[in-house]
DNA sequence: TATATACTAGACCCTTCGGTCTAATAAATA
DNA sequence: TATTTATTAGACCGAAGGGTCTAGTATATA
């Protein structure tokens, strides 16, 4: 019934989402025109409006699309390695992920739109920080069962560790402030993981 | 020489700055028109342009103005109280300060404008997070001298503590995501200060 | 093949907005 | 008082941009 005539091209839809997903974070919502998106997508303006009925809808779809892409692997914590080694590895991977320019742009965008588009930032938060926190919390619980660590409240501990990891450079990067060298950053991460384990190590 | 005729009214200037300082964070730069600022300030549009030559200039002046207001007292750390008590007090004060709606708006604004107005976010950062960090670092150093704590790198430790404090709820609030109850937040802060001290206490 | 829909290019409408100009009034200095 | 500048209300300009419309072409289904 609804399959009469030429169907909408999924490729064009993807092109539009890709263009919007690049331009919105880069220039901000208000400074990105629909015409510019159409041009960047290699598509006519009318086609954009054929796939998305207004700017706000397109914005939502584009951010959702990018958030979905950035989902990190859940089996990271499945490895059986020394706790300190795994946590340090996590810290390093996380920083690399979060400090990437496009991730920063997306993050800034969600923060700036959190009043006008609460669902967007909610979604970003759940797919990003909250998901990681949950995974880490589970891992820490397992460590406690194995008596590798001694943590009263693993949820709090997970938030603490993640906050410390990101706190150093991510906050600065989000605000566009220069961050230290790679060596300094890595020193900070090593110190932080060590400090975390010292605070939560099993009693002698 | 330059004092001929009627002088510009400082009151009107303040009204304009107040209006801009309220509207820009609330609605974003692009969504706040000069006409709206003039009206909110109870002043004609021309007067706005008489005091500030363009929108960008006004934006800069307004944010600077608000940042200056929010400077926190430096003598907080001068009190001689038990370390744990003082740090917990700091944590509570900081959270109250950072979670205030207008502070959040200003913070979001700086983040969203950090590409187009790097000086602004730089200034915000130095007057805010960086200033607090410096004060805390000094305090921690003093604690080490008194053998109350044992910290190899007080700069790192200061960042760690501040990150943990803000990490819990501030990150969420910045993204407009609901935060826990006051009781949960306070539990988190107490746990965090305790954990910090446990990690950095002087060796037995 | 006939029909229905997608897509394009471009004109078009209307609103918003940054910024300027004008003419008149108010308030300061000299 | 004479002069100079601030302030106002409002018209005005020009550019940008969201969104619609049209006419023509391409591509799918039936």
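Protein chains in written order, with our numbering: chain L, 225 to 428; chain E, 225 to 428.
Ideal Cβ placement from N, Cα and C applies to all residues, glycine included.
Just so it is clear, the structure is predicted and the values come from calculations on it, not from any experiment.
Roughly how many angstroms separate the alpha carbons of residue 284 of chain E and residue 238 of chain L, rounded to a whole number?
Taking C-alpha positions only, residue 284 of chain E is separated from residue 238 of chain L by approximately 38 angstroms.
Would you call the CB atoms of residue 380 of chain E and residue 364 of chain E closer than 8 angstroms?
The criterion of a C-beta distance shorter than 8 angstroms is not satisfied by residue 380 of chain E and residue 364 of chain E.
Residue from E:369, E:387, E:406 whose Cα sits closest to the Cα of residue 426 of chain E
Closest option to residue 426 of chain E, Cα to Cα, is E:369.
My assumption, with CB atoms under 8 angstroms, is that residue 286 of chain L sits in contact with residue 252 of chain L. Please give the rounded CB distance.
In fact, because the Cβ distance is near 13 angstroms, the residues do not count as touching under 8 angstroms.
DSSP state of residue 373 of chain E, grouped into three classes?
Strand at residue 373 of chain E.
C-alpha gap between residue 322 of chain L and residue 234 of chain E, whole angstroms:
Cα to Cα, the separation comes out at about 44 angstroms.
Run through chain E and tell me which residues come within less than 7 angstroms of residue 400 of chain L, C-beta to C-beta.
Near residue 400 of chain L (Cβ distances below 7 angstroms), the residues of chain E are 338, 339, 342, 345.
CA-CA distance, residue 272 of chain L and residue 351 of chain L?
Between residue 272 of chain L and residue 351 of chain L, the C-alpha separation is close to 27 angstroms.
Assigned exposure category for residue 317 of chain L - 16 Cβ within 10 Å defines buried:
Answer is exposed; the Cβ neighbour count stays below 16.
The stretch 348-362 of chain E: positions lying closer than 8 angstroms to chain L by Cβ:
Listed by position along the chain: 348, 349, 353.
Please list, in chain order, all residues of the same chain as residue 290 of chain L whose beta carbon is under 7 angstroms from its beta carbon, the five residues on each side excluded.
Only 245, 330 meet the Cβ criterion.
Can you tell me which of the three DSSP states residue 295 of chain E falls into?
Coil at residue 295 of chain E, not helix or strand.
Same chain, Cβ closer than 8 angstroms to residue 295 of chain L, neighbours up to 5 away in sequence not counted:
If you ignore the 5 residues before and after residue 295 of chain L, its C-beta comes within less than 8 angstroms of the C-beta of 351, 355, all in its own chain and listed in chain order.
When you compare the CB of residue 383 of chain L with every CB in chain E, is at least one pair closer than 8 angstroms?
Put simply, the CB of residue 383 of chain L is near chain E, with a gap under 8 angstroms to one of its CB atoms.
Against chain E, with Cβ distances strictly below 8 angstroms, would residue 416 of chain L count as a contact?
For residue 416 of chain L, the answer is yes, since a Cβ of chain E falls inside 8 angstroms of its Cβ.
Cα-Cα separation, residue 275 of chain E to residue 292 of chain E:
About 19 angstroms.
Rounded to a whole number of angstroms, what is the C-alpha to C-alpha distance between residue 336 of chain E and residue 395 of chain E?
If you take the alpha carbons of residue 336 of chain E and residue 395 of chain E, they lie about 15 angstroms apart.
With H, G and I counted as helix, E and B as strand and the rest as coil, what does DSSP make of residue 425 of chain L?
Residue 425 of chain L sits in a strand when the DSSP states are folded into three classes.
Who are the neighbours of residue 316 of chain L on chain E, taking C-beta pairs under 8 angstroms?
Under the 8 angstroms cutoff, chain E gives no residues; its nearest Cβ is about 16 angstroms from residue 316 of chain L.
Distance CB(residue 418 of chain L)-CB(residue 388 of chain L) smaller than 8 angstroms:
Between residue 418 of chain L and residue 388 of chain L, the C-beta gap is not smaller than 8 angstroms, which leaves the two residues out of contact.
Rounded to whole angstroms, what's the CA-CA distance from residue 260 of chain E to residue 250 of chain E? Just pull it up for me.
Distance between the alpha carbons of residue 260 of chain E and residue 250 of chain E is about 13 angstroms.
In or out: residue 345 of chain E buried (at least 16 other Cβ within 10 Å) or exposed?
Classification for residue 345 of chain E: buried.
Where does residue 277 of chain L fall in DSSP's three states?
Three-state DSSP puts residue 277 of chain L in coil, outside helix and strand.
Against residue 380 of chain E, what residues of chain L qualify as contacts under a CB-to-CB distance less than 9 angstroms, listed in chain order?
Within 9 angstroms Cβ-Cβ: 392, 411, 412, 415, 416, 419.
In whole angstroms, what separates the C-alpha of residue 366 of chain L from that of residue 326 of chain L?
Looking at the two C-alpha atoms, the distance is approximately 34 angstroms.
Interface residues of chain E facing residue 334 of chain L [CB-CB closer than 7 angstroms]:
Annotation: Cβ neighbours of residue 334 of chain L in chain E (cutoff 7 angstroms, chain order): 399.
Opening and closing residue of the alpha helix (DSSP H) in which residue 319 of chain E lies
Membership of residue 319 of chain E in the alpha helix (DSSP H) is indicated by the continuous run 307-323.
Hey, out of E:240, E:281, E:393, E:278, whose CA is closest to residue 262 of chain E's CA?
Selected option, being the one with the closest Cα: E:240.
Can you give the beta carbon distance from residue 338 of chain E to residue 400 of chain L, rounded, assuming they're within the 8 angstroms contact cut?
Yes, they are in contact, since the Cβ atoms of residue 338 of chain E and residue 400 of chain L sit about 3 angstroms apart, within 8 angstroms.
Supposed contact pair residue 398 of chain L and residue 332 of chain L - C-beta distance, whole angstroms, cut 8 angstroms
Between residue 332 of chain L and residue 398 of chain L, the beta carbon gap of about 6 angstroms places them in contact (Cβ cut-off 8 angstroms).
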